[in-house]
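**Q**
In our numbering, the protein residues as written are 657 to 1262.
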């Protein structure tokens, strides 16, 4: 099939647009001079036109079957926003400096999710680059950018994108994103993009003017579902498959995080996600490097990360929401109100050991049984977190965990994530307990959409019985309040949390047992109503790690187990550990309230 969009070269540009129900298509070229030119129709529903001598940056519209201008559905750049003309981009002109970059193993990644518009006061790709050294010094080696494709206005979470190929103009456009990725690779940092295949936003969404991109058979929480299995769905599937190829090829990204994969509906013999997996494999052979696909899934199903030959969809990893829910209700006593199916220490034990907490049992919030067991799935296939954009931003007041719990509980949260046998993800600012909120915000221009947004949010939040209504998502001031205040890192409490994260990440990177993702080498038990013992070990080396988590406000007594004769402390959330202090098996100890204590024993000391 053709590649949708415009691919500019030094001496020509080829325009390609899919419109199978139209008999004619005109290109309306605005620059360098205003011209309307007919395009050539192919047998597969694609219209093409090659023009010599066009420089990158030429503005254009398409006219599908008439005289009305529409931007390119596969536009690579929208410099004037979602309603303006598309612009050509020459992807061959950027001079990359990451030729030695071959990526990083998934198991080694420490993710850092960030929103470009609020990460710095400038809100651009370029402004992130000076902060990369700070992230690297913390131990971050993978950033995950919330969606950066063109959305209405200049402020949005990114999930209202209507141009999946076009990099947001207010962030710095295609060149800005390439410079950021290039800089990351030179500092040993992988880059993942959050991308969306399940829906497009409401404003500036002109795809239906060109082809049957949407289906009436299914509905998503955001409107019409994408047509992945109906008439003309071959072109739709190709549009989104080529989008994956586009990011890996022209932007050198390391991985894609696919938003809400459960909202992609496809009854085809080969599911769209299986097709994406096989396309990714072919591309890996061509590019000679590993390319990752990560899923956000509400299914609690192990088939998301199983290989297609085992009936799966072939994702490398998926976000593990159950881990957060089980952890959060032990940290914040008010959490039970909104996570009614969680609240027991045994559930966090199951999350540590197996992954999914809900694995076929009845879930009150869903009024049905939910999920399947993930006990046999390796830990490297799950990404865990104590915060992310959804968990913070979908609270009416956008409170981060630091606004809900005290410092000891923040340390417990960090340790639970970073000492697990899963891949950790931090939400921007988490590493220093940022005080800034992270609200939902948008910048729509259509009054009907603005009204629907406000009414919808008020209805949603009232049904969840929050204590206060959310602020106006359309307010620029609400957006400005979300911008990180980097100077906070120098204040005592924030600096204390930052040092704690650095210590945990360094320990995770250096200790062999913390690099072991085999859940068979892990046991978790309760030693009190709110106290857990996480035991990680290696039968071959006879190394052991004991991590005690006390989520209670009481001291807890425990006895060091007989796995080995001697133990020594590695980490204590209450302060520095005594250097090489040796403890004996069978010795009684006291664990302080709201604390984490990590000990090691190995064959040499035993």
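Cβ atoms here follow ideal geometry from the backbone N, Cα and C, with glycine treated the same way.
For clarity, every value in this text was computed on a predicted model and none was experimentally measured.
Using the C-alpha atoms, what's the distance from residue 1200 back to residue 1194?
**A** Spanning the two alpha carbons is a distance of roughly 7 Å.
**Q** So, for residue 785: in the same chain, excluding its five sequence neighbours on each side, which residues have a beta-carbon less than 8 Å away from its beta-carbon?
**A** 835, 836 and 839.
**Q** Taking the alpha helix (DSSP H) that residue 889 belongs to, which residues open and close that run?
**A** Taken as a continuous stretch (DSSP letters only), the alpha helix (DSSP H) holding residue 889 covers 889-906.
**Q** Kindly confirm or deny that the region 811-829 and the region 879-892 touch, where touching means at least three C-beta pairs closer than 8 Å.
**A** Contact between the region 811-829 and the region 879-892 is absent, because fewer than three Cβ pairs lie under 8 Å.
**Q** Can you list, in chain order, the stretches of the beta strand (DSSP E) that have 3 or more residues and sit fully within the region 1161-1222?
**A** Runs of the beta strand (DSSP E) inside the region 1161-1222: 1178-1184, 1187-1194, 1199-1206 and 1212-1215.
**Q** For residue 993, is the classification buried or exposed, using 16 other Cβ atoms within 10 angstroms of its Cβ as the cut-off for buried?
**A** Exposed, since its Cβ has fewer than 16 Cβ neighbours within 10 Å.
**Q** Using only the alpha-carbon positions, how far apart do residue 667 and residue 752 sit?
**A** Answer to the nearest angstrom: the Cα atoms are 21 Å apart.
**Q** If the criterion is Cβ atoms closer than 8 Å, does the pair residue 794 and residue 1161 meet it?
**A** Taking 8 Å as the Cβ cut-off, residue 794 and residue 1161 qualify as a contacting pair.
**Q** With residue 1038 and residue 1088 assumed to form a contact (beta carbons below 8 Å), what rounded beta-carbon distance in angstroms separates them?
**A** That pair is no contact at about 25 Å.
**Q** Taking its Cβ as the centre, do 16 or more other Cβ atoms sit within 10 Å of residue 980, making it buried, or is it exposed?
**A** Buried, by the Cβ-count rule.
**Q** Output yes or no for whether 8 Å exceeds the beta carbon distance between residue 1063 and residue 1149.
**A** Yes. Within cutoff.
**Q** Alpha carbon to alpha carbon, what distance is there between residue 1165 and residue 1036?
**A** Computed Cα separation, rounded: 14 Å.
**Q** Is the beta carbon of residue 789 less than 8 Å from the beta carbon of residue 1098?
**A** No, the Cβ-Cβ distance between residue 789 and residue 1098 is not below 8 Å.
**Q** Where residue 1262 and residue 1072 are concerned, what is the direct C-alpha to C-alpha distance, given to the nearest angstrom?
**A** Low confidence applies to residue 1262: its pLDDT is 38, below 50, so where it sits in the model is not reliable enough to give any reading.
**Q** Grouping DSSP H, G and I as helix and E and B as strand, with all else coil, what is residue 875?
**A** Strand at residue 875.
**Q** For residue 798 versus residue 745, is the C-beta distance shorter than 8 Å?
**A** Contact: no.
**Q** I'd like the span of the beta strand (DSSP E) that includes residue 911, first residue to last.
**A** Counting along the chain, the beta strand (DSSP E) containing residue 911 begins and ends at 911-914.
**Q** Could you give the distance in angstroms between the alpha-carbon of residue 741 and the alpha-carbon of residue 672?
**A** Taking the straight line from one Cα to the other gives about 15 Å.
**Q** With DSSP as the reference, identify every bridge partner of residue 1158, one or two as the case may be.
**A** None, per the DSSP bridge assignment.
**Q** For residue 1043, which of helix, strand or coil comes out of DSSP?
**A** Correct three-state label for residue 1043: coil.
**Q** So residue 691 is in the beta strand (DSSP E); what residue range does that whole segment cover?
**A** Where residue 691 is concerned, the enclosing beta strand (DSSP E) stretches over 691-694.
**Q** I need the DSSP call for residue 1130, collapsed to helix, strand or coil.
**A** The answer is coil: DSSP assigns residue 1130 none of H, G, I, E or B.
**Q** At a cut of 8 Å, does the region 946-955 reach the region 904-924 through at least three beta carbon pairs?
**A** A contact exists between the region 946-955 and the region 904-924.
**Q** Would you say residue 851 and residue 914 are within 8 Å of each other, going by their C-beta atoms?
**A** For residue 851 and residue 914, yes; Cβs fall inside 8 Å.
**Q** For residue 1257, does the three-state DSSP call read helix, strand or coil?
**A** If DSSP states are grouped into helix, strand and coil, residue 1257 belongs with the strands.
**Q** Measuring straight from C-alpha to C-alpha, what distance separates residue 1015 and residue 1027?
**A** For residue 1015 and residue 1027, the distance between alpha carbons rounds to 4 Å.
**Q** Ends of the alpha helix (DSSP H) at residue 682?
**A** First-last for residue 682: 681-685, but that is the beta strand (DSSP E), not the alpha helix (DSSP H).
**Q** On the premise that residue 782 lies in contact with residue 832, defined as a C-beta separation below 8 Å, what is that separation, rounded to the nearest angstrom?
**A** That pair is a contact at about 6 Å.
**Q** Determine the DSSP secondary structure at residue 984, reduced to helix, strand or coil.
**A** Residue 984: helix per DSSP, three-state reduction.
**Q** Three Cβ pairs or more, each shorter than 8 Å: is that satisfied between the region 703-717 and the region 896-914?
**A** Taking 8 Å as the limit for Cβ pairs, the verdict is that the region 896-914 does not touch the region 703-717.
**Q** Nearest CA to the CA of residue 849: which residue from 1239, 948 and 1219?
**A** Residue 849 has its Cα closest to that of 948, out of 1239, 948 and 1219.
**Q** I need the DSSP call for residue 757, collapsed to helix, strand or coil.
**A** Coil.
**Q** What is the DSSP secondary structure of residue 1262, counted as helix, strand or coil?
**A** Any answer about residue 1262 is weak, because its pLDDT of 38 lies below 50 and its placement is not dependable; what the coordinates show is given next. If DSSP states are grouped into helix, strand and coil, residue 1262 belongs with coil.
**Q** Grab me the residues of residue 1260's own chain with a C-beta within less than 8 Å of its C-beta, minus the 5 sequence neighbours each way, in chain order.
**A** Any answer about residue 1260 is weak, because its pLDDT of 49 lies below 50 and its placement is not dependable; what the coordinates show is given next. There are no such residues.
**Q** May I have the straight-line CA-CA distance separating residue 731 from residue 872, to the nearest angstrom?
**A** When rounded, the distance between both Cα atoms is 25 Å.
**Q** Over what stretch of residues does the alpha helix (DSSP H) that includes residue 707 continue unbroken?
**A** No alpha helix (DSSP H) holds residue 707; the beta strand (DSSP E) holding it covers 702-708.
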